[in-house]
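First up is the structure itself, then whatever we jot down about it.
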Amino acid sequence: MLPKLSAIEARVIGCLIEKSVFTPDQYPLTLNALTNACNQKSARDPVMNLTPGEVQQTIRLLEAKHLVRTDENFKSRTEKYSQRFCNTRYSNIQLDDAQRAIVCLLLLRGPQTPGELRARSGRLHPFVDNDEVVIAITGLIEREGEPMLVKLPRSAGRKDSEYMHLFSGPVDIDAHAVKTQASKAPASPGRVSVTELAERVSRLEAEVASLKEQLG
Numbered sequence: 519m520l521p522k523l524s525a526i527e528a529r530v531i532g533c534l535i536e537k538s539v540f541t542p543d544q545y546p547l548t549l550n551a552l553t554n555a556c557n558q559k560s561a562r563d564p565v566m567n568l569t570p571g572e573v574q575q576t577i578r579l580l581e582a583k584h585l586v587r588t589d590e591n592f593k594s595r596t597e598k599y600s601q602r603f604c605n606t607r608y609s610n611i612q613l614d615d616a617q618r619a620i621v622c623l624l625l626l627r628g629p630q631t632p633g634e635l636r637a638r639s640g641r642l643h644p645f646v647d648n649d650e651v652v653i654a655i656t657g658l659i660e661r662e663g664e665p666m667l668v669k670l671p672r673s674a675g676r677k678d679s680e681y682m683h684l685f686s687g688p689v690d691i692d693a694h695a696v697k698t699q700a701s702k703a704p705a706s707p708g709r710v711s712v713t714e715l716a717e718r719v720s721r722l723e724a725e726v727a728s729l730k731e732q733l734g
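As structure tokens, then:
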């Protein structure tokens, strides 16, 4: 059975996975570092403004689920936190690097297309092309036992469908389809809909991330 995570729990787990790859010399994370990671303005959707107390409370809930481990430095009396969600000897979930990157991105940024996942994967995993992303996604959907991801109905103006993680419980596909159809309604003449603007911003973010990767 998959662990069930609240939105804040998903953010904490996603941040711990990300920082374990990006800054291994600073991992496990202190409470302050983890709070800052959760509240980042970039590479997060939605942007959160969590207090250290809220993050600490979430850590305790995740500890009870055996998804986070606390290590204490007795000299400095500083607690540091690491994830036990995946790829540790205590974890029920074992992923390859490509699958871990996808799960991490979905925990941090919500539903995304294969193209967005590839453009945003950065140092998590260097996907060669969108086909490699789709292969990893398929493995997460068709895994033995319970699928980790679900394919969502294609949104208006998008070439590809988005994928969403299932660690926060089942997704109401029918309700999402209704929402998607509603987003297709034409905007008033001379005006651009919020959905269309969001789509443009998302595409631009993916293009900028891809250019940064190419430039090194």
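For what it's worth, my numbering labels the leading residue of the sequence shown as 519, then goes sequentially.
Think of the CB as a built atom: it goes at the ideal place given N, C-alpha and C, for glycine as much as any other residue.
Computed from a predicted model, the values in this text were never measured in an experiment.
I need the straight-line Cα distance from residue i to residue j, nearest angstrom please.
i	j	result
Leu549	Arg638	26 angstroms
Met666	Val689	11 angstroms
Glu662	Pro546	31 angstroms
Ala703	Arg676	Only weak support exists for where Ala703 lies, its pLDDT of 48 falling under 50; the value from the coordinates is given anyway. Distance between the alpha carbons of Ala703 and Arg676: 14 angstroms.
Ile611	Ser673	30 angstroms
Gln601	Asp647	29 angstroms
Tyr599	Glu660	31 angstroms
Leu568	Leu534	15 angstroms
Leu523	Thr541	24 angstroms
Ile526	Phe592	28 angstroms
Glu590	Ala654	36 angstroms
Thr656	Arg595	44 angstroms
Arg587	Gly571	17 angstroms
Leu580	Thr553	15 angstroms
Gln630	Tyr681	6 angstroms
Val668	Thr606	25 angstroms
Ser686	Asp543	30 angstroms
Ala551	Lys583	22 angstroms
Can you list, in chain order, the residues of its chain with a C-beta nearer than 6 angstroms to that of residue i? Leave out the 5 residues immediately preceding and following it.
i	result
His643	Asp615, Ala616 and Ala619
Phe645	Arg636, Ser639 and Val651
Ser538	Tyr545
Phe603	Ile531 and Leu585
Tyr608	Arg602
Glu597	Thr588 and Glu590
Leu658	Gln617, Met666 and Leu667
Can you tell me which residues form a DSSP beta bridge with residue i?
i	result
Lys669	Tyr681
Tyr599	Leu547 and Thr588
Ile620	In the DSSP output, where bridge partners are listed per residue, Ile620 has none listed.
Ile611	Cys604
Within the continuous beta strand (DSSP E) that includes residue i, where are the two ends?
i	result
Gln630	First-last for Gln630: undefined, no H or E at that position.
Val586	Val586 to Asn591
Near residue i, what residues of its chain come up, given a Cβ to Cβ distance below 7 angstroms and the 5 sequence neighbours on each side ignored?
i	result
Val652	Pro632
Pro707	For Pro707, the predicted model reports a pLDDT of 48, less than 50, meaning its position is unreliable; a value from the coordinates is still stated below. For Pro707, where only same-chain residues beyond five positions count, there are no Cβ hits under 7 angstroms.
Cys622	Gly532, Ile535, Glu536 and Leu642
Val565	Lys559
Arg562	Leu626 and Arg627
Is the CB of residue i under 9 angstroms away from at least one CB in chain D?
i	result
Gly640	Reference to chain D is not applicable here, since this structure consists of a single protein chain.
If I follow the unbroken alpha helix (DSSP H) through residue i, where does it start and stop?
i	result
Gly657	Asn648 to Ile659
Arg529	Ala525 to Phe540
Gly571	Pro570 to Ala582
Spatial neighbours of residue i within its chain, please: CB distance less than 8 angstroms, with the 5 preceding and 5 following residues excluded, ordered by chain position.
i	result
Glu664	Met519, Leu520 and Leu684
The stretch 529-540 touching the stretch 570-586, judged by at least three CB pairs closer than 8 angstroms: yes
Any contact of the stretch 556-568 with the stretch 622-636, i.e. 3+ C-beta pairs under 8 angstroms? yes
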